[in-house]
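Take a look at the structure below.
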Amino acid sequence: MRSTASVMHLDLDAFFASVEQRDKPSLRGRPVIVGGLGSRGVVSTASYEARTHGVRSAMRMAEARARCPHAAFLSGRFEAYREASAVVMGHLREISPLVEPLSLDEAFVDLAVADVDVTDLDAVRDLVASIRREITARTHGLTASVGVASSKLMAKIASEIDKPDGAHVVAPGTEADVLGPMQVTAIPGVGPATAERLRRVGITTVEDLREPSEDELVRLLGQASGRSLHRLSRAQDDRAVEAERETKSVSVEDTFTTDVTDRHRLGAEIETMARAVAARLASAGLSGRTVTLKLRHHDFETHTRSSTLPGPTDSPTTIAATARRLLDDADLGGGLRLIGVGVSALADWVQDDLFTTETAPLDPADEQPRDDVPTPATDWSPGMDVHHATHGDGWVWGAGLERVTVRFETRTTPAGPVMTFPASDPLLRPGHARDAEDLTDDRTGTAVRGTVEQEGSGATVEP
DNA sequence: TCTGGGGTCCTAGGACCC
DNA sequence: TCTGGGGTCCTAGGACCC
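Counting in the numbering used here, the first sequence tops out at residue 471, every number present.
What follows is the structure, given as structure tokens:
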């Protein structure tokens, strides 16, 4: 923990609803509820006018309508939210190079590297006031709540204190006293389940949380939570403000208006979602090895099935084929209310690039344009999925391999034969290998999928 | 007309290797 | 020859956040 109040947390007030009120004057002063408008929708953001009627985030839309029937119900305009967010984050980055966005409407800012004397609380207050004024001016009317303290924990808690449209600075040295009387749920990371476990042993306030030893908390809540709460309850927190946080996973999911049992329909949904995930991976310059299928049954029971590929992919066909295979193995029971497709174990292209340069040096002159022109069959690279080498999938390599070695695996022969093909082999021709089903070994009649590797090294192929 | 969509982090068990 | 421990990877699920 620092000795100065130099961590700032900023939170835009009722963000989505406020953007709507800003852009539509007729909504100002009226309850506005943004969220899913379908029968299974939930509230994303409620304006303060709607909150006085008890409408809250994550509440079912049906309940929100019952509580506040005269509100304006909107489905949200994410482009407008992203744009407003970018204006705010842009201003924060002018204040300090160390800005850590937590979402579109929230960020930590490290004031220790800003142009302000953080030992002077009045100077910090002045800076905060000017930041809030500037944000309102630049966004044409949005307001922000701000907390400043000596740690992320206390800055975040401080931003709640004078919300909305307020600011609070926690003087260094007073953190533990400020925190003590609060409910345990004031600590970010303590949700309903943890609060209930603590309540059962008589702990409801942060002060109560200081009673048990670290070992006792670890026994009650596990290693990570136990240790962390032992420290956080005493306001001990030295987590740094981190400007660059790596993406760990990319996913898409969709709740159906009515439950679905038809596997063909689900297969089509997977196809669409795989394309969306692949497009987002590609635009972020990412690819991943683990494909996860998420299924939520009619009774809300939720399961995930995942499969890790031998190499990273951002190919819609690979992602879809993997997810569909996971669906094939799943029991649909009484129908699904949600299906989702995700990719994790992400790598960026730079790593793949390094991996392949030995045999496929990257020459910009040889790069294929990422359009509808099929990649030549000679464009195979180590690590590339066999059914992955369609155009536009982000794997643009200069030189191709002369020969491609694939190890085939089927259910009956898990460590199947290793075969080497000329890179121009029709079996491996991209147009032929768009899909798992399409990629058939003519010699055995077996449908395969595979990974191209350097000659002599292994690769995984599944039936 | 019960319970969104996008994430992160943690835990636990099994496989596998040394 | 019945008894190890540690590390890493993979899978599944759960809690939590906005």
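For every residue, glycine included, the Cβ atom is placed at its ideal position computed from N, Cα and C.
Asp19, DSSP secondary structure in three states: strand
Val136 versus Gly155 - alpha carbon distance: 9 angstroms
C-alpha distance - Ala203 paired with Leu228, whole-angstrom precision: 12 angstroms
Residues sharing a beta bridge with Ile41, DSSP: Ala54 and Phe81
Residues near Ile169 in its chain [Cβ-Cβ closer than 8 angstroms; skip 5 each side]: Gly155 and His176
Nearest-angstrom Cβ-Cβ length linking Ala15 and Ser236, presumed shorter than 8 angstroms: It should be pointed out that residue 15 corresponds to Val in this sequence rather than to Ala. Not confirmed; about 17 angstroms, so no contact.
In DSSP terms, what Phe24 is bridged to: Beta-bridge pairing links Phe24 to no other residue.
Distance between beta carbons of Ser104 and Ala122, contact taken as under 8 angstroms: 4 angstroms
Cα-Cα separation, Asp134 to Ser11: 19 angstroms
Ile195: first and last residue of the uninterrupted beta strand (DSSP E) it sits in: That residue, Ile195, is in no beta strand (DSSP E); it is neither H nor E in DSSP.
First and last residue of the uninterrupted alpha helix (DSSP H) at Pro324: Pro324 to Asp336
Presumed contact (8 angstroms Cβ cut-off) between Asp113 and Ser138, rounded CB distance: Actually they do not touch by this definition, with Cβ atoms about 20 angstroms apart.
Length at least 4, wholly inside the region 60 to 107: the alpha helix (DSSP H) runs in chain order: 69 to 75 and 86 to 103
C-beta contact flag for Val258 and Arg288 at 7 angstroms: yes
Whole-angstrom C-beta distance between Ala282 and Val209, which should lie under 8 angstroms: Going by Cβ atoms, the distance from Val209 to Ala282 rounds to 46 angstroms, so no, they are not a contact pair.
Reduced DSSP category for Ser158 - H, G, I as helix; E, B as strand; rest coil: coil
Length of the line joining the Cα atoms of Ala232 and Glu309: 27 angstroms
Backbone secondary structure at His238 - three-state DSSP: helix
Cβ pair Ser111, Asp21 closer than 7 angstroms: no
Whole-angstrom distance between His17 and Val198, CA atom to CA atom: 19 angstroms
Coil, strand or helix - Gln191 by DSSP: strand
Asp450 (DSSP reduced to helix, strand or coil): The predicted position of Asp450 is uncertain, since its pLDDT is 36 and thus under 50; a value taken from the coordinates is nonetheless stated next. Note: Asp450 maps to coil in three-state DSSP.
Backbone CA spacing between Leu45 and Glu224 [nearest angstrom]: 46 angstroms
Local Cβ density within 10 Å of His238, reported as buried at 16 or more and exposed below that: buried
Cβ pair Asp173, Thr151 closer than 7 angstroms: yes
C-beta contact flag for Asp267 and Gly343 at 7 angstroms: yes
C-alpha distance - Glu219 paired with Ala184, whole-angstrom precision: 14 angstroms
Where Val95 falls, given that 16 or more other Cβ within 10 Å makes a residue buried: exposed
Cβ-Cβ distance between Phe24 and Val51 below 7 angstroms: no
Which listed residue (Asp322, Ser323 and Ile347) has its alpha carbon closest to that of Leu334: Ile347
Where the beta strand (DSSP E) containing Ala282 begins and where it ends: Ala282 -> not in any beta strand (DSSP E); alpha helix (DSSP H) instead, spanning Arg271 to Ser291.
Between the CA atoms of Ala292 and Ser221 - distance to the nearest angstrom: 45 angstroms
Neighbourhood of Arg64 by C-beta, 8 angstroms cutoff - its chain only, sequence neighbours within 5 removed: Val51 and Ala54
Whole-number beta carbon distance between Arg313 and Ala290, since they are thought to touch under 8 angstroms: In fact, because the Cβ distance is near 24 angstroms, the residues do not count as touching under 8 angstroms.
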